[in-house]
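Each number in the working numbering corresponds to the 1-based position in the sequence shown with 320 added.
Don't be surprised by glycine CBs; every beta carbon is placed ideally from N, CA and C.
None of the values given here were measured: they were computed from a predicted structure.
Let me begin by presenting the structure, written as structure tokens, before commenting on it.
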Amino acid sequence: MALPILAHWAGRSIFDIEPAALARRGIRLLLADLDNTLAPYGEPEPTQAVRDWAAALGEQGITLFVLSNNRHPERPRRFSQALGVPFLGHAGKPKPGGFRRAMEQMGCTPEQTAIVGDQLFTDILGGRNAGVLTLLVEPIRLAGNPGRYLRYGAEWPFRMWSKRRTKPL
């Protein structure tokens, strides 16, 4: 039996996720954490590389959807609008409710949905609770908040285990 905080797949960044590989698995909706997954904390708009990756997802028939725990509604709204994708802020991860609301909004089932995020105890655990494919990436930047070092330190053994058991998408 797999631990509920182990990811189905682990890589360095979102750019290691091939849109065509997700499409071959039947994924139509990719939920994505915002802070430290799509952009560093506080970066207001997506980079061109993120825009290009989102466009590549769209070309494969996959909708990118920002699913953020950010309690400041303007942050995910501004980023998502700049990227031209739907979003849900203050999603309450790891509870499955935010995942379910996003899937319902987009007309997708758990089998058609994946989550990509940088945190095991919110993104991956929440994705597992919601029954979706879970994709773990390394955090973009840890600097600025000592609590992040502690959180990622506690996750480290499970990150290593997730990486060891990862197979190509």
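Worksheet item: Taking just the CA atoms, how far does Ala340 sit from Pro396?
Response: The straight-line gap from Cα to Cα measures roughly 26 Å.
Worksheet item: What's the gap between the Cα of Pro268 and the Cα of Leu358?
Response: Since the first and last residues shown for the chain are 321 and 489, residue 268 lies out of range.
Fill in: CA nearest to the CA of Asp372, picked from Leu351, Ala343, Asn390 and Leu403
Closest by alpha carbon: Leu403.
Worksheet item: Thinking C-beta only, is Ile337 closer than 8 Å to Gly331?
Response: Contact flag set, yes.
Worksheet item: Between which two residues does the beta strand (DSSP E) harbouring Phe385 extend?
Response: Thr383 to Leu387 is the extent of the beta strand (DSSP E) around Phe385.
Practice prompt. Work out the CA separation of Arg448 and Ile325 for me, nearest whole Å.
Written response: Approximately 7 Å between the Cα atoms of the pair.
Discussion item. Applying the 10 Å Cβ sphere with the 16-neighbour rule, what's the burial state of His328?
Written reply: Within a 10 Å sphere around the beta-carbon of His328 sit 16 or more other beta-carbons, which makes this residue buried.
Discussion item. Quick check for students: name the residue ranges of the alpha helix (DSSP H) that lie wholly in the stretch 330 to 402, counting only runs of 4 or more.
Written reply: Counting only runs of 4 or more, we get 339 to 344 and 368 to 379.
Worksheet item: Mapping DSSP to helix, strand and coil, what is Leu440?
Response: Helix at Leu440.
Discussion item. Output needed for Val405: all residues of its chain with C-beta closer than 8 Å, excluding positions within five of it in sequence on either side, in chain order.
Written reply: Closer than 8 Å at Cβ, skipping near neighbours: Ala374, Thr383, Leu384, Phe385 and Val386.
Item to complete: State the Cα-Cα distance for the pair Gln439 and Leu456, rounded to the nearest angstrom.
Response: Each residue's alpha carbon lies about 7 Å from the other.
Discussion item. Output needed for Ala422: all residues of its chain with C-beta closer than 7 Å, excluding positions within five of it in sequence on either side, in chain order.
Written reply: Taken in chain order, the residues that qualify are Leu351, Phe385, Leu387 and Leu408.
Item to complete: Take the Cβ of Arg344 as the centre, count every other Cβ of all protein chains shown within 10 Å, and call the residue buried at 16 or more, exposed below.
Response: By the Cβ-count criterion, Arg344 is exposed, with fewer than 16 other Cβ atoms from all chains shown falling within 10 Å of its own Cβ.
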